[in-house]
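Chemist: Quick note on this note's numbering: the sequence shown kicks off at 782 and runs consecutively. For glycine and all other residues, C-beta sits at the position ideal for the given N, C-alpha and C. Sending over a structure as structure tokens; questions will come in a sec.
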Amino acid sequence: MRPEILNPLFAALTDLKGVGPQLAKPLTRLGLERVVDVLFHLPTGLVQRYPVDRLDQAQVGQQIIVTLTARDYRPGRSPRAPFGVEAFDGAGDHVRLVYFGRTAGLAKKLFPLGEARQVSGRLDAYGDMRQIVHPDHVGEPGQGDIATSEAVYPLTEGLTNARLNQLVEIALERRPDLAEWIDGPLLTTRGWPAWGRR
């Protein structure tokens, strides 16, 4: 019989706030049906983001976090062509934010002209122009910081990495308060985190 203290880990994911039938389908395809399943769904990589104040502080190929202000839109010549947002950092340096696949409406919603946005994405070069294709995070400055590191998990259609990261956070919060079972000197020697530390 399972000790009662472990019951929160064996709750169904559908019992969690925000996990309805629509989200349950892709989770089930991955074998994630209980809270404990999410804890054992291990990441396959890590995205490291570098906060910069100015675009010229970043190198091409880096995942960066920077505050940008949109000044103009560059629609493609056809509905299938990429949609561009001309944006500038606080020093006036330019970058084009590129969206593919009929996402002009989304781009305009995320980047109202003249309003600052905190943006995360891979800085690339297209000829002599800087660009970020499909920024992975966009938000208003001061409305929650973008994480400088993010675990990357195996996914399936209908499930984003951001949503799975949120479920992992919820699962970690449900972790019971257990006494440490590994000897303290061994933890130190191996550099392992303690049970109660994240």
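What does the alpha-carbon distance come out to for the pair residue 816 and residue 910?
Modeler: As a first step, residue 816 is located in the sequence shown; it is residue number 35 there, counting from the start. As a first step, residue 910 is located in the sequence shown; it is residue number 129 there, counting from the start. For residue 816 and residue 910, the distance between alpha carbons rounds to 45 Å.
Chemist: What residue range is occupied by the uninterrupted alpha helix (DSSP H) comprising residue 818?
Modeler: Sequence index remark: in the sequence shown, residue 818 carries index 37 (1-based). Per DSSP, residue 818 belongs to the alpha helix (DSSP H) from 816-820.
Chemist: Check whether the Cβ of residue 945 lies closer than 8 Å to any Cβ atom in chain D.
Modeler: No chain D is present in this structure, which holds just one protein chain.
Chemist: Over what stretch of residues does the alpha helix (DSSP H) that includes residue 804 continue unbroken?
Modeler: Walking along the sequence shown from the start, residue 804 turns up at place 23. Element bounds for residue 804: 802-810.
Chemist: Mapping DSSP to helix, strand and coil, what is residue 943?
Modeler: Counting from 1 along the sequence shown, the entry for residue 943 is found at position 162. DSSP places residue 943 in helix when its eight states are reduced to three.
Chemist: Measuring only the C-alpha atoms, how far is residue 970 from residue 959?
Modeler: The residue given as residue 970 occupies position 189 in the sequence shown. The residue given as residue 959 occupies position 178 in the sequence shown. Spanning the two alpha carbons is a distance of roughly 21 Å.
Chemist: Indicate whether residue 957 and residue 789 have their beta-carbon atoms separated by less than 8 Å.
Modeler: Here the question's residue 957 lines up with position 176 in the sequence shown. Here the question's residue 789 lines up with position 8 in the sequence shown. Going by C-beta atoms, residue 957 is nearer than 8 Å to residue 789.
Chemist: How many angstroms separate the CA atom of residue 906 from the CA atom of residue 794?
Modeler: Numbered from its first residue, the sequence shown carries residue 906 at position 125. Numbered from its first residue, the sequence shown carries residue 794 at position 13. Each residue's alpha carbon lies about 42 Å from the other.
Chemist: Give me, in chain order, the residues of the same chain whose beta-carbon lies closer than 6 Å to that of residue 839; leave out the 5 immediate sequence neighbours on both sides.
Modeler: As a first step, residue 839 must be located in the sequence shown, where it is residue number 58. Only 833, 845 and 904 meet the Cβ criterion.
Chemist: What distance in whole Å lies between the Cβ atoms of residue 829 and residue 930, which are believed to be in contact at a cut-off of 8 Å?
Modeler: Taking the first residue of the sequence shown as 1, we reach residue 930 at position 149. Taking the first residue of the sequence shown as 1, we reach residue 829 at position 48. Indeed, because the Cβ distance is near 5 Å, the residues count as touching under 8 Å.
Chemist: Figure out for me which residue from 819, 862 and 854 has the closest Cα to the Cα of residue 883.
Modeler: Counting from one through the sequence shown, the residue named residue 883 turns up at place 102. Cα-wise, what sits closest to residue 883 is 862.
Chemist: For residue 970, which of helix, strand or coil comes out of DSSP?
Modeler: Numbered from 1 along the sequence shown, position 189 holds the residue referred to as residue 970. In the structure shown, residue 970 sits in a helix (DSSP, three-state: H, G or I).
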